[in-house]
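Worksheet: the structure to be examined is printed underneath.
Numbering (UniProt numbering), first residue to last: 1 to 529.
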């Protein structure tokens with residue numbers, strides 16, 4: 001027996017480090033970062049600086065900065081950006097750049113990342129979904145940001161800002177902003193040469209025939225969060241007298257030198273936080289009728305607030321950073337919220353308003369491709385059949401033009417009609433594995449066991465070769481966004497909005513792009529010097 005020879009040229013300690021990282025076997029109290037090479041450890045000053053405007057973790061200086069993805073070339077690009085953004089002091093420590101050098105470094109980084117994104121898009125040509133958000137800036141301009149969302153071949157979710165437009169507030173008040181936004185979106189799609197735009201998530205007021213006419217092959221999806229916000233504002237208007245009294249109680253009972261927890265007119269979630277304070281909820285000045293109505297208000301607002309928190313609190317992947325939520329999760333949870341409120345008599349006036357937000361055929365198709373919701377239990381038989389037929393037509397178009405696939409049998413009909421056995425022949429016994437009537441991808445997918453607690457993208461990554469035609473459709477539809485905006489800013493509070501407004505007007509476009517591009521591992525390429 002010959003001795004085992006390791007094809008490794010790093011010595012025993014290097015091999016041990018490699019094996020520990022590969023198999024995830026670490027010493028007690030150790031983590032993967034403890035087995036990094038000392039030369040590859042680069043302080044991520046750039047990312048911490050770029051995320052400081054929005055991330056609440058930097059308040060007080062105790063937050064943990066976003067960890068850069070560990071992929072080939074990313075350490076090099078982080079070292080490059082750290083050198084561009086920081087200068088070395090006399091004692092060897094890094095000092096952040098200020099003024100014109102910082103602006104020049106930011107612009108240089110933006111140009112390099114835009115070039116990398118363009119090369120990636122031209123080479124891969126992924127099917128993308130777009131989302132458009134708008135927020136006011138400090139210079140009294142309305143900032144419009146269009147973001148592309150796509151899924152890679154191995155079912156990893158990606159998103160990156162494509163372009164930013166500043167529109168004067170006067171044009172927005174005159175109603176000219178919509179036509180300008182449509183023209184801007186068309187130019188952005190043409191500039192990036194996006195051949196396959198499947199959906200565009202916008203504000204409900206923008207979901208009109210003009211936008212559908214400009215993008216005939218794309219699904220126009222109204223922002224789910226904006227629709228829910230309008231319903232919650234209607235709820236607050238009905239309980240306005242209770243909120244007025246709650247504000248007075250907060251002002252009367254607040255101790256000195258303690259921040260007041262009042263509500264804000266544009267943020268209904270702040271009203272929920274105000275009335276849920278123990279000192280307000282149990283105050284003796286409430287009459288029995290007022291106390292009952294106060295608990296009714298909380299029972300309406302709390303489930304919807306939990307839904308938006310689920311959208312905002314997305315899972316952080318250490319390799320790619322925060323990921324936006326899948327539309328299927330938000331859409332399925334909203335059905336559960338509506339069903340919960342249907343059992344409350346005091347919420348009967350608001351349930352139809354929430355049900356109107358659920359009339360979205362694109363969202364239903366996304367839910368059908370999520371293994372957790374593929375049975376579509378919250379849809380009627382006709383809605384379910386229409387959704388499955390649309391998916392079947394999408395699969396047939398992927399196979400090729402001219403292929404006619406019959407519609408799936410209705411769930412009601414299939415439950416009462418006995419299955420007819422396929423015709424047999426003498427070859428059946430000799431070749432028992434021959435399938436004379438192969439089942440389509442969609443029917444095989446629906447017949448498989450359900451998976452309630454599984455990551456949809458991880459599931460499709462494993463099963464993409466089992467359902468190849470359906471996987472192509474899933475890769476396109478699962479990138480659809482349920483909200484127009486950053487996922488972590490769904491519950492936008494005034495302090496976060498103030499941080500947005502603190503960005504200098506001339507740096508908004510560069511900041512928004514670089515902040516999102518640094519979280520795309522495929523763009524981690526060392527810029528040319």
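Even glycine gets a Cβ: it sits at the ideal position worked out from N, Cα and C. Nothing here was measured: the structure is a model prediction, and the numbers come from that model.
Legend entry - residue 238 Cβ short of 7 Å to the ligand FAD heavy atom set: Looking at this structure, you won't find the ligand FAD or any other ligand, since it has none at all.
Inset, instruction - Would you kindly work out how many angstroms separate the C-alpha atoms of residue 186 and residue 114, rounded to a whole number? - result: 19 Å
Inset, instruction - Tell me, please, whether the stretch 132-150 touches the stretch 188-201 by the rule of three or more beta-carbon pairs shorter than 8 Å. - result: yes
Inset, instruction - Report yes or no: do three or more beta-carbon pairs, one from the stretch 263-279 and one from the stretch 231-245, lie closer than 8 Å? - result: yes
Legend entry - Reduced DSSP secondary structure (H/G/I, E/B, other) of residue 199: strand
Inset, instruction - For residue 137, collect the residues of the same chain with a Cβ closer than 8 Å to its Cβ; drop the 5 residues on either side in sequence, then sort them by chain order. - result: 143, 166, 500, 501, 503, 505 and 508
Inset, instruction - Report the residue ranges of all alpha helix (DSSP H) runs contained in full by the stretch 244-310; include only those spanning at least 4 residues, in chain order. - result: 268-275 and 278-281
Legend entry - Buried or exposed by the 16-neighbour rule on C-beta atoms within 10 Å, applied to residue 613: The question about residue 613 has no answer here: the residues shown for the chain are numbered 1 through 529.
Inset, instruction - Use the C-beta contact count for residue 292: other C-beta atoms within 10 angstroms, 16 or more gives buried, fewer gives exposed. - result: exposed
Legend entry - Cβ neighbours of residue 107 in the same chain (closer than 8 Å, five flanking residues each side left out): 510
Inset, instruction - List the endpoints of the continuous beta strand (DSSP E) containing residue 163. - result: 157-168
Inset, instruction - Please report how far the alpha carbon of residue 543 lies from the alpha carbon of residue 239, in whole angstroms. - result: Since the first and last residues shown for the chain are 1 and 529, residue 543 lies out of range.
Inset, instruction - Assuming residue 244 and residue 275 form a contact by the criterion Cβ under 8 Å, report the distance between their Cβ atoms to the nearest whole angstrom. - result: Incorrect: roughly 12 Å between the Cβ atoms, too far for contact.
Inset, instruction - Quick one: using the 10 Å Cβ neighbour count with 16 as the cut-off for buried, is residue 213 buried or exposed? - result: exposed
Legend entry - Helix, strand or coil at residue 144 [DSSP, three-state]: strand
Legend entry - Residue of 304, 366, 386 and 362 minimising C-alpha distance to residue 347: 304
Inset, instruction - Under 8 Å by Cβ, that's how I've got residue 479 and residue 157 pegged, so tell me the actual separation to the nearest angstrom. - result: 7 Å
Legend entry - Collapsed DSSP secondary structure at residue 151 in the structure displayed: strand
Inset, instruction - Pull up the distance between the alpha-carbon of residue 102 and that of residue 120, whole angstroms please. - result: 27 Å
Legend entry - Cα-Cα separation, residue 534 to residue 211: The chain is shown only over 1 to 529; residue 534 falls outside these bounds and no answer can be derived.
Inset, instruction - State the Cα-Cα distance for the pair residue 128 and residue 109, rounded to the nearest angstrom. - result: 24 Å
Inset, instruction - Excluding the 5 residues preceding and the 5 following residue 454 in the sequence, name in chain order all residues of the same chain whose CB lies nearer than 8 Å to its CB. - result: 371 and 372
Inset, instruction - Have a look at residue 237 and residue 341 and give me their C-alpha separation to the nearest angstrom. - result: 18 Å
Legend entry - Secondary structure of residue 349, DSSP reduced to three states: coil
Inset, instruction - Go ahead and pull the three-state DSSP assignment for residue 134. - result: strand
Inset, instruction - Output the distance between the C-alpha atoms of residue 122 and residue 193, rounded to the nearest integer angstrom. - result: 8 Å
Legend entry - For residue 129, the three-state DSSP class (helix, strand or coil): strand
Inset, instruction - Say whether the stretch 276-291 touches the stretch 241-256, bearing in mind that this needs 3 or more beta-carbon pairs closer than 8 Å, one atom from each stretch. - result: yes
Legend entry - Proximity of residue 154 and residue 188 at Cβ, strictly below 8 Å: no
Inset, instruction - Measure the alpha-carbon distance for residue 360 versus residue 375 and round it to whole angstroms. - result: 17 Å
Inset, instruction - Identify the continuous beta strand (DSSP E) that holds residue 221 and give its terminal residues. - result: 219-222
Inset, instruction - Out of 139, 465 and 160, point me to the one whose CA is closest to residue 481's CA. - result: 160
Inset, instruction - Mind checking which residues open and close the alpha helix (DSSP H) that includes residue 361? - result: 361-368
Inset, instruction - Could you pull out every residue in the same chain whose Cβ sits closer than 7 Å to the Cβ of residue 250, ignoring the five residues on either side in sequence? - result: 260, 261, 262, 274 and 280
Legend entry - Reference residue 220; option with closest CA among 358, 228, 191 and 204: 204
Legend entry - Same chain, Cβ closer than 6 Å to residue 397, neighbours up to 5 away in sequence not counted: none
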